[in-house]
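Remember, the working numbering sits 271 above the position in the sequence shown when you count from 1.
Notes for the one structure printed next.
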Amino acid sequence: MALVTSKQMLEDAQKGGYAVGAFNVENMEMVKAVIAAAEEMNAPVMLQTTPSTVKYGTLETYYAIVAAEAKKASVPVCLHLDHGSSFELAAQALRAGYTSVMIDGSHEDFEGNVAVTKKVADMANAMGIPVEAELGKVGGKEDDLEAEADTNTDPEEAREFVERTGVTSLAVAIGTAHGFYASTPVLDKERVSEIKKVVSVPLVLHGASGLSDDDVRECVQRGMCKVNFATELRAAYTDAGKKLLAEKPETFDPKKFGVVGMEAVKELVKGRMKVLGCEGKAR
Numbered sequence: 272m273a274l275v276t277s278k279q280m281l282e283d284a285q286k287g288g289y290a291v292g293a294f295n296v297e298n299m300e301m302v303k304a305v306i307a308a309a310e311e312m313n314a315p316v317m318l319q320t321t322p323s324t325v326k327y328g329t330l331e332t333y334y335a336i337v338a339a340e341a342k343k344a345s346v347p348v349c350l351h352l353d354h355g356s357s358f359e360l361a362a363q364a365l366r367a368g369y370t371s372v373m374i375d376g377s378h379e380d381f382e383g384n385v386a387v388t389k390k391v392a393d394m395a396n397a398m399g400i401p402v403e404a405e406l407g408k409v410g411g412k413e414d415d416l417e418a419e420a421d422t423n424t425d426p427e428e429a430r431e432f433v434e435r436t437g438v439t440s441l442a443v444a445i446g447t448a449h450g451f452y453a454s455t456p457v458l459d460k461e462r463v464s465e466i467k468k469v470v471s472v473p474l475v476l477h478g479a480s481g482l483s484d485d486d487v488r489e490c491v492q493r494g495m496c497k498v499n500f501a502t503e504l505r506a507a508y509t510d511a512g513k514k515l516l517a518e519k520p521e522t523f524d525p526k527k528f529g530v531v532g533m534e535a536v537k538e539l540v541k542g543r544m545k546v547l548g549c550e551g552k553a554r
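Right, here's the structure in full:
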């Protein structure tokens, strides 16, 4: 089917008590792998690209790849701009055909975040495209954005932020970080429940790569409707290629690396979808 927006799938997840998996993709092979996993699991799915990824391949290129693969799929597929770094990039993504965008103003102060987020939301909402924003600071490094310190999201600020900006989903900080964890993270899961009580839009969990299945499940049970995975997909794809080269050092055909990489990513995504509870939820 044609690409869809994230609106219906996230609303369904919110009502159904599960989460949609949002997976960052870097190339054609990862796109194929994620959609293949969604097909096998009969699950809705979001594919994401970050600013550094689109700088590498362009918005138009990723749109063309994902749209072509989604057209052949029997499950809902959404193409999302992850961590949009500016109003201009969000506008470019919308023009390129993306069906969901994020504007990340979390590096601004509260009022600055409200201002840039509302500007993007006004533009996207007029086109019928959902907008995700971030309030609080998720630790670690995402592309060129690095949090100086972790600042968990304040529930009352979250309520005000959503009301003033008109966003359709909100990424909140509860102690997760981008990239792999050097030690076991301490998550403020109760904060998810507190935010859910006062915020009506679906909540989003960033920095899920490396979290335990139990941690992810509890976050979903408490109200997370979209969960992002990036680093672990990159690692699975790359590790599969390294393993092939170690076993068969004479390998030179890039397609051989693509095949093992796709299989590794597909199996990883299927496992994460089971944890999120979105298996069988495509419609």
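A virtual CB, placed ideally from N, CA and C, is assigned to each residue, including glycine.
A quick note: this is a predicted structure, and the numbers were derived from the prediction, not measured.
- No residue range can be given for Ser345, since it is assigned to no alpha helix (DSSP H) and is classified by DSSP as neither H nor E.
- Taking the C-beta atoms as reference points, Gly481 is found no nearer than 8 Å to Glu465.
- Pairwise C-beta distances place the region 505-523 out of contact with the region 460-477, as fewer than three of them are shorter than 8 Å.
- In this model, Pro401 and Ala395 are separated by some 7 Å (Cα to Cα).
- Contact check for Glu311 against Lys545 fails: the beta carbons are separated by 8 Å or more.
- In its chain, beyond the 5 residues on either side, Gly376 have a beta carbon closer than 6 Å to the beta carbon of Asn384.
- Per the Cβ contact rule, the region 529-539 is in contact with the region 294-311 (3 or more Cβ pairs under 8 Å).
- Note: Ser371 is bridge-paired with His351 in the DSSP secondary-structure output.
- A direct Cα-to-Cα measurement between Leu441 and Met533 gives close to 30 Å.
- Its chain contains Leu504, Tyr508, Val536 as the residues whose beta carbon lies nearer than 7 Å to that of Met301, once the 5 sequence neighbours on both sides are disregarded; these appear in chain order.
- For Phe500, DSSP records a beta bridge to Phe294.
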